[in-house]
Amino acid sequence: MSSIFITRKIFDEAIALLDGAGLDYWHNAADTPLDLPKMGAQLAEAEAIICLLTDKVDAQVMDAAPNLKIIANTAVGYDNIDVAAAAERGIIVTNTPGVLTECTADLTFALLLAAARRIVEADAYMRAGKFEGWELFQPHLGVDVYGKTLGIVGMGRIGTAVARRALHGFNMKVLYNGPRKAPQAKSLGVEYVSFLELLFESDFISIHAPLNRATRHMFTLHEFKMMKRKPILINTARGPIIKEDDLVQALQQGLIGGAGLDVFEEEPIAHPSLAGLPNVVMVPHIGSATTATRRRMAMMAVENVVSVLGGRRPLNPVNRVLSQK
Ligand code: DGY
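If you want this note's numbering, it's the 1-based position in the sequence shown plus 50.
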């Protein structure tokens with residue numbers, strides 16, 4: 051039986067790293083989602099779990115894995131794992147920070163530009179053979195991006211990478227809000243404002259906060275009504291930060307100008323009304339989806355496991371474990 055339980059298919063290079071370290075593993079080569087509480091045999095033996103953000107790793111799963119030392123999430127976000135329950139049980143949780151920062155910031159800007167310039171609608175129009183020539187009042191008039199104000203919620207690694215693009219590529223004014231002021235804000239040239247001010251002043255709002263009790267449903271109809279400039283809202287963080295029912299209402303009522311969404315409240319399902327709204331651009335949680343980035347994420351998850359099972363410290367811990375198992 052294997053001591054490392056890998057819940058989905060991962061890159062060959064990452065598997066090679068485990069082979070090189072002489073570690074045993076069980077690899078879900080079929081790559082279909084697993085019902086973790088039902089994986090009795092794998093959990094009973096597991097000293098490590100390498101999982102994805104779609105795997106819910108809660109206390110029940112942990113209790114079925116008495117030998118578990120580390121849960122290595124192949125994602126920077128780790129709201130799928132009960133981190134407190136892990137800490138109580140002496141189990142380390144790790145994530146994959148840094149390696150997906152630029153890739154996710156690129157996607158954020160792709161969504162921002164696509165929503166502002168109505169790229170998806172215009173593409174469909176071309177494909178349908180509807181273009182009959184240049185007119186002053188063409189059907190896909192969008193909004194300017196260059197020189198506008200971007201409000202960033204969460205000035206961590208990804209928020210900072212988005213700010214750099216906005217400042218240097220698009221001469222934007224960048225405001226931000228978060229639980230604390232970012233030390234890099236001054237040198238970067240971004241301005242800390244209250245959440246309310248950010249809602250009032252932004253032409254674009256981009257979310258880069260983790261999902262937790264404080265950020266769940268941070269955006270409801272109440273906040274949309276405060277958005278004086280009818281901004282375009284971009285979310286490449288986590289779906290439940292926005293109350294999706296309210297987002298649909300805000301888009302339908304014209305409270306906001308549009309949305310660029312990579313993440314959804316009940317993934318993989320998106321609110322059924324979103325697909326009918328022309329001012330929405332939607333993609334299926336592809337923020338980190340380049341081959342190079344996904345490979346780096348898998349390698350990082352495995353490196354954390356190799357380190358911990360080799361008796362060393364984790365490279366990217368997200369919880370504090372008093373006595374490591
Ligand atoms: C993450 O890492 O948390 C992203 O959502 C997926 O890459």
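Don't be surprised by glycine CBs; every beta carbon is placed ideally from N, CA and C.
{"Item": "Cβ-heavy atom distance between Gly-19 and the ligand DGY below 6 angstroms?", "Value": "Only positions 51 to 375 of the chain appear in this structure, which leaves residue 19 out of reach."}
{"Item": "In chain order, what residues of the same chain lie with their CB nearer than 7 angstroms to the CB of Arg-215, ignoring the 5 residues before and after it?", "Value": "Ala-155 and Phe-159"}
{"Item": "Can you tell me whether Ser-256 sits near the ligand DGY, meaning its C-beta is under 6 angstroms from at least one heavy atom of the ligand?", "Value": "no"}
{"Item": "Short of 8 angstroms in beta carbon distance, which residues of its chain neighbour Leu-365, apart from the five on each side in sequence? Order them along the chain.", "Value": "Thr-144, Met-350, Glu-353, Asn-354 and Ser-357"}
{"Item": "Whose C-alpha, out of Pro-189, Val-203 and Ile-120, is nearest the C-alpha of Gly-360?", "Value": "Ile-120"}
{"Item": "Just to be sure I understand the criterion: a residue counts if its Cβ is closer than 5 angstroms to at least one heavy atom of the ligand DGY. Which residues meet that?", "Value": "Ala-125, Val-126, Gly-127 and Ser-338"}
{"Item": "Does His-77 come out as helix, strand or coil in the three-state DSSP assignment?", "Value": "strand"}
{"Item": "Apart from the five residues on each side of it in sequence, which residues of its chain come closer than 6 angstroms, Cβ to Cβ, to Gly-228?", "Value": "Gly-204 and Met-205"}
{"Item": "Spell out the partners DSSP gives Thr-199 in its beta bridges.", "Value": "Lys-223"}
{"Item": "Taking the alpha-carbon of Gln-302 as reference, which of Pro-233, Asn-329 and Val-212 has the nearest alpha-carbon?", "Value": "Asn-329"}
{"Item": "State the start and end residues of the unbroken alpha helix (DSSP H) segment that holds Ile-208.", "Value": "207-214"}
{"Item": "Give a yes or no on contact between the region 124-132 and the region 91-111, applying the rule of three or more CB pairs nearer than 8 angstroms.", "Value": "yes"}
{"Item": "For Arg-344 versus Val-149, is the C-beta spacing smaller than 7 angstroms?", "Value": "no"}
{"Item": "How many whole angstroms separate the CB atoms of Asp-310 and Ile-336, which I take to be in contact at a CB cut-off of 8 angstroms?", "Value": "According to the sequence displayed, residue 310 carries Gly and not Asp. That pair is no contact at about 12 angstroms."}
{"Item": "Tell me which same chain residues have a C-beta within less than 6 angstroms of the C-beta of Ala-172, skipping the five on either side of it?", "Value": "His-190"}
{"Item": "Distance, Cα to Cα, His-77 vs Ala-287?", "Value": "28 angstroms"}
{"Item": "Taking DSSP as the reference, what is the three-state secondary structure of Ser-373?", "Value": "coil"}
{"Item": "The alpha helix (DSSP H) spanning Asn-354 covers which residue range?", "Value": "341-359"}
{"Item": "Taking the alpha helix (DSSP H) that Ala-115 belongs to, which residues open and close that run?", "Value": "Per DSSP, Ala-115 belongs to no alpha helix (DSSP H) and is neither H nor E."}
{"Item": "What does a CB cutoff of less than 6 angstroms around Ala-122 pick up in its chain, not counting 5 residues either side in sequence?", "Value": "Ile-100, Thr-144, Ala-351, Asn-354 and Val-355"}
{"Item": "Can you give me the start and stop residues for the alpha helix (DSSP H) that Gly-310 sits inside?", "Value": "That residue, Gly-310, is in no alpha helix (DSSP H); its beta strand (DSSP E) goes 308-311."}
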